[in-house]
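The sequence shown begins at 1 in the UniProt record's numbering and counts up one residue at a time. Each residue gets a CB set at the ideal place from its N, CA and C atoms; glycine is no exception.
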Amino acid sequence: MEESKKYLDQLDKASLVELKSFRHPPNAVVLVMNAVLVLMKIKPNWNEAKKFLGNSNVIQNLLCYDIQNISQETLEKLTEFTSQPEWNYESIKKVSNACSNIFLWVENVIKLAKLYSEHKN
1 MEESKKYLDQ
11 LDKASLVELK
21 SFRHPPNAVV
31 LVMNAVLVLM
41 KIKPNWNEAK
51 KFLGNSNVIQ
61 NLLCYDIQNI
71 SQETLEKLTE
81 FTSQPEWNYE
91 SIKKVSNACS
101 NIFLWVENVI
111 KLAKLYSEHK
121 N
């Protein structure tokens with residue numbers, strides 16, 4: 001979880017405003033934010049992503065995310081995004097530094113959730 005925290009520590013209000021300001025975000029940004037929304041049990045679409053990013057507690061909400069209780073169904077839904085060609089650090093970093101940190105957080109959350117899932121079984 002410490003690794004996840006270090007990615008979010010690099011986000012600030014300006015980074016979130018940068019993301020929220022995309023009128024027509026690049027597909028890589030949409031993929032990352034849709035993955036975050038699925039984790040948060042919010043319908044994945046850009047309008048919901050902008051609302052989520054506008055929440056004053058967004059970073060705290062991510063920091064406090066309960067990795068140990070991600071369902072298998074949620075992990076399966078995430079593959080809709082993580083299986084896309086743009087789902088890689090380089091593609092995301094090219095279009096948004098802020099989103100690249102959120103991408104790394106999502107990747108770490110998925111990795112940890114799979115580890116917890118394996119230990120439960």
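Which residue comes first and which comes last in the alpha helix (DSSP H) that contains Ile-42? Taken as a continuous stretch (DSSP letters only), Ile-42 belongs to no alpha helix (DSSP H), as it is neither H nor E.
Determine contact between the region 19 to 28 and the region 45 to 62, defined as no fewer than three beta-carbon pairs at a distance below 8 Å. In this structure the region 19 to 28 touches the region 45 to 62; the number of beta carbon pairs closer than 8 Å is three or more.
Would a C-beta distance cut-off of 9 Å place Leu-53 and Asn-45 closer than the cut-off? Not closer than 9 Å, so no.
Mind reading off the beta-carbon distance from Leu-104 to Thr-74? Whole number of angstroms is fine, and I expect it under 8 Å. Incorrect: roughly 19 Å between the Cβ atoms, too far for contact.
Whose C-beta lies closer than 7 Å to the C-beta of Val-109 among residues of the same chain, with five residues either side of it excluded? Ser-4, Leu-39, Tyr-65, Ile-67
Cβ-based burial, Val-30 [other Cβ within 10 Å; buried from 16]: buried
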